[in-house]
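*Asks:*
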Amino acid sequence: MIGKFKRWTFFRGLYMIFISYFGVRKRKLGYCGKNVILTPPITFGNPQNVYLYDNTQISYNSHISAVNARFIIKQNCCIAEGLTVHTGNHAMIVGRFCNNILESEKPKGYDADVVVESDVWIGCNVTLLSGVTVGRGAIVAAGAVVTNDIPPYSICGGVPAKFIKFKWTIEEIIKHEELLYMKEERFTKEQLDYYFTCFSPQGKNVKKSISIGET
1 MIGKFKRWTF FRGLYMIFIS YFGVRKRKLG YCGKNVILTP PITFGNPQNV YLYDNTQISY
61 NSHISAVNAR FIIKQNCCIA EGLTVHTGNH AMIVGRFCNN ILESEKPKGY DADVVVESDV
121 WIGCNVTLLS GVTVGRGAIV AAGAVVTNDI PPYSICGGVP AKFIKFKWTI EEIIKHEELL
181 YMKEERFTKE QLDYYFTCFS PQGKNVKKSI SIGET
C-alpha cells in the first residue's frame with residue numbers, strides 16, 4: 001500500500017511539473033496579445049478565462065485560478081514571480097461541509113472577474129482575490145493580498161492591501177498620459193482630482209468602495 005502511494009505521489013509530481021512548464025500554450029488562453037511573456041512554471045485553472053493583452057509579462061511560480069470568472073491583464077503590465085489569482089470564493093452553505101460543495105452548487109456572487117488595468121507593476125508573491133480591479137499605473141507591493149479595488153497611479157501594500165500614497169502628482173500623471181495615451185483614453189483632471197480627494201489623508205474614507213475610472 002505504501003509503495004503504491006509513493007508511486008502515485010511520484011507520478012503526480014511529474015504530471016504537475018509537465019503541466020507547469022509545458023501544459024499551457026498561449027493558444028489555449030481566452031486571449032493572448034502581442035509580445036506576451038510567460039516565464040514557467042505557471043499554472044492556469046481554466047485558461048480559456050484568462051485574457052492577456054499586448055506587452056504583458058508574468059513571471060515564474062504563478063498560479064491563476066479562473067474557473068468561473070475571467071482574469072484580465074491589459075497592456076504593458078509587469079507581474080513579478082509568485083502571483084496568485086482567485087476569481088472565485090468557497091461557498092458557505094448551512095449544513096454542508098465546505099469540501100462537499102460542488103462548483104455547480106455555488107450561489108451567485110461567489111465568482112467575479114479580476115482585472116489589472118494597463119501600466120501596472122505587481123511585486124512578488126501578490127494575491128489578487130475575486131472581483132478586484134487594479135487601476136491603471138498602480139504599483140502593488142510585494143506580499144500584498146488585494147481584496148478591494150486599487151485606485152489608478154497609487155502604491156498599495158499589506159495584508160489586506162491598503163492605499164499608501166499616489167506615485168506621482170496630478171500634473172505628472174497628466175504629462176505621463178499625454179506621452180503614452182490617446183486623448184480619449186486619458187484621465188481628465190477632474191477624475192484625478194476625485195481620486196486624490198477620496199484617498200488623501202483627509203478624504204480617504206469619503207468613499208470606501210470606488211469604481212475604477214468613475215468620475
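Residues 1 to 215 (the numbering used here) make up the sequence shown, in order. Think of the CB as a built atom: it goes at the ideal place given N, C-alpha and C, for glycine as much as any other residue.
In chain order, what residues of the same chain lie with their CB nearer than 7 angstroms to the CB of Ser59, ignoring the 5 residues before and after it?
*Replies:* Along the sequence shown, read from residue 1 onward, the residue named residue 59 stands at position 59. Around Ser59: Thr39, Ile79, Ala80, Glu81.
*Asks:* Identify the residues that DSSP records as bridge partners of Lys162: which are they?
*Replies:* On the sequence shown, position 162 is the one that residue 162 refers to. Gly157.
*Asks:* Hey, out of Asn61, Ile64, Gly33, whose CA is closest to Tyr53's CA?
*Replies:* Position 53 of the sequence shown holds residue 53. Comparing Cα positions, the closest option is Gly33.
*Asks:* Report yes if the C-beta distance between Lys167 and Ile155 is below 8 angstroms; otherwise report no.
*Replies:* Indexing the sequence shown from 1 puts residue 167 at position 167. Indexing the sequence shown from 1 puts residue 155 at position 155. For Lys167 and Ile155, yes; Cβs fall inside 8 angstroms.
*Asks:* At which residue ranges does the region 87-147 contain complete beta strand (DSSP E) runs of 3 or more residues, listed in the order of the chain?
*Replies:* Segments of the beta strand (DSSP E) lying fully in the region 87-147: 114-116.
*Asks:* Measure from the alpha carbon of Thr87 to the alpha carbon of each residue in Cys124, Tyr51, Gln191, then state which is nearest.
*Replies:* Locating residue 87 in the sequence shown gives position 87, where the first residue counts as 1. Thr87 has its Cα closest to that of Tyr51, out of Cys124, Tyr51, Gln191.
*Asks:* Sorted by chain position, which residues of the same chain lie with C-beta nearer than 7 angstroms to Ile139's C-beta, five sequence neighbours on each side aside?
*Replies:* Sequence index remark: in the sequence shown, residue 139 carries index 139 (1-based). Excluding sequence neighbours, Ile139 sits near Trp121, Ile155, Lys167.
*Asks:* Closer than 6 angstroms by C-beta to Lys26: which residues in its own chain qualify, once you throw out the five before and the five after it? Chain order, please.
*Replies:* Working through the sequence shown from its first residue, we reach residue 26 at position 26. So the list reads Cys32, once near-sequence residues are dropped.
*Asks:* DSSP three-state call for Phe71: helix, strand or coil?
*Replies:* As a working mapping, residue 71 is identified with position 71 in the sequence shown. DSSP places Phe71 in strand when its eight states are reduced to three.
*Asks:* Taking 8 angstroms as the cut-off, decide whether the C-beta atoms of Ile72 and Thr56 are in contact.
*Replies:* Looking up residue 72 in the sequence shown gives position 72. Looking up residue 56 in the sequence shown gives position 56. It is not a contact, given that the beta carbons lie outside the stated cut-off.
*Asks:* With distance defined between alpha-carbon atoms, name the residue in Gly131, Tyr153, Gly109 nearest to Ala141.
*Replies:* Here residue 141 refers to the residue found at position 141 when the sequence shown is read from its first residue. Nearest of Gly131, Tyr153, Gly109 to Ala141, Cα basis: Tyr153.
*Asks:* Just curious, the beta strand (DSSP E) that Phe44 is in, first and last residue?
*Replies:* The sequence position of residue 44 within the sequence shown is 44, counting from 1. Start and end: 42-45.
*Asks:* According to DSSP, simplified to helix, strand and coil, what is Thr188?
*Replies:* The residue labelled residue 188 in the question sits at position 188 within the sequence shown. In this structure, Thr188 counts as coil in the three-state DSSP scheme.
*Asks:* Alpha carbon to alpha carbon, how far is Glu172 from Glu103?
*Replies:* Residue mapping note: residue 172 aligns to position 172 of the sequence shown, counting from 1. Residue mapping note: residue 103 aligns to position 103 of the sequence shown, counting from 1. Approximately 46 angstroms between the Cα atoms of the pair.
*Asks:* Quick check: Val159 and Val145, are their CB atoms within less than 8 angstroms of each other?
*Replies:* Counting from one through the sequence shown, the residue named residue 159 turns up at place 159. Counting from one through the sequence shown, the residue named residue 145 turns up at place 145. Yes, they are a contact pair.
*Asks:* Check whether the Cβ atoms of Val85 and Val114 sit closer than 8 angstroms, and answer yes or no.
*Replies:* Here the question's residue 85 lines up with position 85 in the sequence shown. Here the question's residue 114 lines up with position 114 in the sequence shown. Cβ distance < 8 angstroms, so Val85 and Val114 count as in contact.
*Asks:* Could you check if Arg218 is buried or exposed, using at least 16 other CB atoms within 10 Å of its CB as the buried criterion?
*Replies:* Outside the displayed range of the chain (1 to 215) lies residue 218, so it cannot be described from this structure.
*Asks:* Which value, in whole angstroms, describes the spacing of the CA atoms of Asn46 and Ser200?
*Replies:* Position 46 of the sequence shown holds residue 46. Position 200 of the sequence shown holds residue 200. The straight-line gap from Cα to Cα measures roughly 39 angstroms.
*Asks:* Whose CA, out of Gln75, Gly137, Gly30, Pro107, lies closest to the CA of Glu48?
*Replies:* In the sequence shown, residue 48 corresponds to position 48, counting from 1. The question names Glu, but residue 48 is Gln in the sequence shown. Nearest option by C-alpha distance: Gly30.
*Asks:* Can you tell which of Gln75, His90, Asn76, Cys77 has the C-alpha that lies nearest to the C-alpha of Ser65?
*Replies:* Within the sequence shown, the letter at position 65 stands for residue 65. Checked all of Gln75, His90, Asn76, Cys77; the closest Cα to Ser65 is His90.
*Asks:* Quick check on the burial criterion: 16 or more other C-beta atoms within 10 angstroms. Buried or exposed for Asp119?
*Replies:* To locate residue 119, count along the sequence shown from 1; it is residue 119. So Asp119 ends up on the buried side.
*Asks:* Would you identify the three-state DSSP class for Tyr195, choosing helix, strand or coil?
*Replies:* Position 195 of the sequence shown, counted from the first residue, corresponds to residue 195. If DSSP states are grouped into helix, strand and coil, Tyr195 belongs with the helices.
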